[in-house]
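Below: one structure, written as structure tokens.
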Amino acid sequence: MISVVVPVYNEGPNLPLLMDRLEAALRAAGKPYEIVFVDDGSRDNSLEILKGFVGRNGVRVLELTRNYGQHSAIMSGFSVVRGEIVVTIDADLQNPPEEIPAVVRAMEEGNYEVVGTVREMRKDSIFRKIPSRIVNVMTRRITGIRMSDWGCMLRAYRREVVDRMVESQEYSTFIPALATLFAKRMTEIPVGHAERHAGASNYNMWKLLNLQFDLLTSFSEFPLRVLLYMGTGMAVGGMAFGILLAVMRIFYGAEWAENGIFTLFAVLFFFVGALFFAFGIMGQYIGRIYHEVRKRPRFTIRNLHGE
1 MISVVVPVYN EGPNLPLLMD RLEAALRAAG KPYEIVFVDD GSRDNSLEIL
51 KGFVGRNGVR VLELTRNYGQ HSAIMSGFSV VRGEIVVTID ADLQNPPEEI
101 PAVVRAMEEG NYEVVGTVRE MRKDSIFRKI PSRIVNVMTR RITGIRMSDW
151 GCMLRAYRRE VVDRMVESQE YSTFIPALAT LFAKRMTEIP VGHAERHAGA
201 SNYNMWKLLN LQFDLLTSFS EFPLRVLLYM GTGMAVGGMA FGILLAVMRI
251 FYGAEWAENG IFTLFAVLFF FVGALFFAFG IMGQYIGRIY HEVRKRPRFT
301 IRNLHGE
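Residue numbering for the sequence shown follows the numbering used here, starting at 1 and increasing by one per position.
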């Protein structure tokens, strides 16, 4: 069975067409299927539209108590899926549902555990492409896995990988990167990409920045090592600069030292700024630890509509 998990947040205008195209694509795949929609605290009429789909073949709707974010919503869908192959796809129709059979076929033919996709001829604005490229570069560095498009959520996972991700119980995570911890055989295939059918993206710069911090603090200690090296370099540089100033004062007198007062201020501000930057990075790790030790649920399901 194929399980398709679709996180939904304020996507009402897209849902009727999405449902029709999903059904057609899954019928073309020629396998039993289910569609699990996850309403992630939508404020529009998305939930009412989704409830109207429940009578259709294989449709279930998870209603979360509030907006938890895309990856937590997908995790909630993972917790109830029944299929051996689990596919994720966004509700905005930028990833064509018609590509699902190709993703499933690639998984079965290559016996892969994870199949990612690469968006060809992306229709996003430059303000989405640049952060996406940054995420791709950082994720490749952190995971060591050379995949091209980590931001595309049209992906397929074996059930065993999905179960391990659900069992991990991490409060904040980045699902494509988390899957690499539990899968050995991975690949990616090219897929089409379209402009958003209706509405606007729910990802703003602040959410993208938070996602980037989640990625960094969840899967790497590299920022802490950078701070260690930077702090060591600054300490050595500061000591050398202090010695240089003392020597220059001896040879050129106090007048020369007074004339360098603004240079000292500039250096001071640089060091203070670097310290605050370091505190900010450490604060991200401490904040993550704080969230993890409280053991609060990463999502809460209010209702499961459909059988």
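We put the CB at the ideal spot given by N, CA and C, even for glycine. Computed from a predicted model, the values in this text were never measured in an experiment.
Comparing the CB of phenylalanine 279 with every heavy atom of the ligand NAP, is any distance shorter than 8 Å?
-> Of the ligands one can find in the structure shown there are none, so the ligand NAP has no counterpart to examine.
Residue span of the alpha helix (DSSP H) that contains proline 101, given as start and end = To locate residue 101, count along the sequence shown from 1; it is residue 101. For proline 101, the enclosing alpha helix (DSSP H) covers residues 100-110.
Reference methionine 75; option with closest CA among Glu109, Asp40, Phe53, Arg105 = If you number the sequence shown from 1, residue 75 lands on position 75. Closest in C-alpha terms to methionine 75, from the list Glu109, Asp40, Phe53, Arg105, comes Asp40.
Same chain, Cβ closer than 6 Å to glutamine 70, neighbours up to 5 away in sequence not counted | Here residue 70 is taken as the residue at index 70 of the sequence shown, counted from 1. Once the five neighbours on either side are set aside, the close Cβ partners of glutamine 70 are Pro7.
Considering only C-alpha positions, which residue in the set Ile281, Val247, Arg185, Gly192 is nearest to glycine 231?
-> Against the sequence shown, residue 231 aligns to sequence position 231. Distance check between glycine 231 and each of Ile281, Val247, Arg185, Gly192 places Ile281 closest, using alpha-carbon atoms only.
My guess is that leucine 18 and alanine 91 are in contact by the Cβ rule of under 8 Å, so how many angstroms apart are they, rounded?
-> Here residue 18 corresponds to residue number 18 of the sequence shown, with the count starting at 1. Here residue 91 corresponds to residue number 91 of the sequence shown, with the count starting at 1. About 6 Å; that satisfies the 8 Å criterion.
4-residue-minimum alpha helix (DSSP H) runs that sit fully inside the segment 147-190, ordered along the chain = Runs of the alpha helix (DSSP H) inside the segment 147-190: 159-168, 175-179.
Tell me which same chain residues have a C-beta within less than 8 Å of the C-beta of leucine 154, skipping the five on either side of it?
-> As a position in the sequence shown, residue 154 is number 154, starting the count at 1. Val87, Thr88, Ile89, Asp90, Asn95, Glu99, Ile100, Val103, Thr117, Val191, listed in sequence order.
Thinking just about the alpha-carbon of each residue, which of Phe251, Phe276, Lys51, Phe182 is nearest to the one in glutamate 167?
-> Start at 1 with the first residue of the sequence shown, and residue 167 comes out as number 167. Looking at the Cα atoms, Phe182 is the closest of the given residues.
Taking buried to mean at least 16 other C-beta atoms within 10 Å of its own C-beta, is glycine 233 buried or exposed?
-> For the purposes of this step, residue 233 is identified with residue 233 of the sequence shown, where counting begins at 1. By the Cβ-count criterion, glycine 233 is exposed, with fewer than 16 other Cβ atoms from all chains shown falling within 10 Å of its own Cβ.
Using the rule of at least 16 other Cβ atoms within 10 Å of the residue's Cβ for burial, across every protein chain shown, is arginine 119 buried or exposed?
-> As a first step, residue 119 is located in the sequence shown; it is residue number 119 there, counting from the start. Per the 10 Å Cβ criterion, buried.
Determine the direct distance from the alpha carbon of tyrosine 252 to that of phenylalanine 241, and round the result to whole angstroms.
-> Taking the first residue of the sequence shown as 1, we reach residue 241 at position 241. Taking the first residue of the sequence shown as 1, we reach residue 252 at position 252. Answer to the nearest angstrom: the Cα atoms are 16 Å apart.
Write down every uninterrupted run of the beta strand (DSSP E) in the segment 6-56 whose length is 3 residues or greater and which is fully enclosed by it, in chain order.
-> The segment 6-56 contains these whole beta strand (DSSP E) runs: 33-39.
Looking at the structure shown, is serine 76 part of a helix, part of a strand, or coil, going by DSSP?
-> Taking the sequence shown and counting its residues from 1, the one referred to as residue 76 is at position 76. If DSSP states are grouped into helix, strand and coil, serine 76 belongs with the helices.
Tell me whether the beta-carbon of glycine 55 lies closer than 9 Å to the beta-carbon of glutamate 34.
-> Counting from 1 along the sequence shown, the entry for residue 55 is found at position 55. Counting from 1 along the sequence shown, the entry for residue 34 is found at position 34. Between glycine 55 and glutamate 34, the CB-CB gap reaches or exceeds 9 Å.
Let me know if phenylalanine 299 comes out buried or exposed under the rule of 16 or more other beta-carbons within 10 Å of its beta-carbon.
-> Numbered from 1 along the sequence shown, position 299 holds the residue referred to as residue 299. Classification of phenylalanine 299: buried, given that the 10 Å Cβ count is 16 or more.
Does the Cβ-Cβ distance between alanine 29 and isoleucine 2 come in under 9 Å?
-> Along the sequence shown, one-based indexing puts residue 29 at 29. Along the sequence shown, one-based indexing puts residue 2 at 2. Yes, the Cβ-Cβ distance between alanine 29 and isoleucine 2 is below 9 Å.
Ends of the beta strand (DSSP E) at asparagine 303?
-> In the sequence shown, the residue the question calls residue 303 occupies position 303. In this chain, the beta strand (DSSP E) harbouring asparagine 303 covers 301-305.
Start and end residues, beta strand (DSSP E) containing arginine 119 | Residue numbering aside, residue 119 sits at position 119 when the sequence shown is read from its first letter. Where arginine 119 is concerned, the enclosing beta strand (DSSP E) stretches over 114-119.
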